[in-house]
Amino acid sequence: MSEEKRVGIVLVSHSAEVAASVAAMAKGLAGGAETVPVAPAGGTEGGGVGTSAELVAAAAASVDRGAGVALITDLGSAVLTVKALLAEGDELPEGARLVDAPFVEGAVAAVVTAATGADLDAVEAAATEAYGYRKT
Numbered sequence: 002m003s004e005e006k007r008v009g010i011v012l013v014s015h016s017a018e019v020a021a022s023v024a025a026m027a028k029g030l031a032g033g034a035e036t037v038p039v040a041p042a043g044g045t046e047g048g049g050v051g052t053s054a055e056l057v058a059a060a061a062a063s064v065d066r067g068a069g070v071a072l073i074t075d076l077g078s079a080v081l082t083v084k085a086l087l088a089e090g091d092e093l094p095e096g097a098r099l100v101d102a103p104f105v106e107g108a109v110a111a112v113v114t115a116a117t118g119a120d121l122d123a124v125e126a127a128a129t130e131a132y133g134y135r136k137t
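Numbering (the working numbering), first residue to last: 2 to 137.
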């Protein structure tokens with residue numbers, strides 16, 4: 002897959018700081034992964050805690066490179082916001098997909114996998130497999 006056509010990743014959190022920090026950490030752990038388009042979509046337009054459909058849609062558009070967009074959420078209303086955008090059908094790029102994965106570990110796995118040029122199915126599988134990571 003060419004570098005222009007990569008899976009984009011959006012990290013949707015209730016906190017702008019958390020989304021940005023996880024994006025930076027995932028890219029750093031993936032060796033910089035400069036070819037992987039990753040965008041945080043955290044908090045509300047006013048900088049508060051919450052989720053914003055407008056911020057999520059803008060982030061998804063910014064990372065769309067024609068190979069699909071993986072949206073990874075932290076919890077609650079972030080999931081509902083992405084599901085609502087997907088149901089509307091025209092707010093997110095074609096091929097956008099909610100990925101059921103742990104936020105931090107799933108983001109790292111998704112970015113590392115996307116950096117190899119993998120397709121959206123492989124990126125989703127890697128992120129989802131992060132549920133099985135054991136710490137003991």
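Even for Gly, the Cβ is constructed at its ideal location relative to N, Cα and C.
Counted within 10 angstroms of its Cβ, other Cβ atoms place residue i as buried (16 or more) or exposed
i    : result
Y134 : exposed
A115 : buried
E140 : Nothing in the structure corresponds to residue 140, since the chain is present only between 2 and 137.
S3   : With a pLDDT of 44 at S3, under the threshold of 50, the modelled position of this residue cannot be trusted, and the question is left open.
V50  : exposed
A127 : buried
G90  : exposed
K28  : buried
L122 : One detail in the question is off: residue 122 reads as Asp in this sequence, not Leu. By the 10 Å Cβ count, D122 comes out exposed.
G32  : exposed
Bounding residues of the alpha helix (DSSP H) (the contiguous stretch that carries residue i)
i    : result
A119 : Note, A119: premise wrong, no alpha helix (DSSP H); not H, not E.
L56  : 54-64
T36  : Segment: none, T36 is in no alpha helix (DSSP H) and carries neither H nor E.
T82  : 78-89
Candidates the options, of which the one nearest residue i by Cα
i    : options               : result
E92  : R66, P41, A119, A61   : A61
E18  : R7, A31, T45          : T45
V112 : H15, L56, L72         : L72
A24  : V11, H15, G32, T36    : V11
E35  : R7, S14, A42          : R7
L87  : P38, F104, V100       : V100
G43  : P103, A79, A119, A108 : A79
Sheet register partners of residue i (DSSP bridge)
i   : result
I71 : As written in the sequence, residue 71 is Ala, which differs from the Ile given in the question. Looking at the DSSP assignment, A71 forms a beta bridge with I10, R98.
P41 : L12
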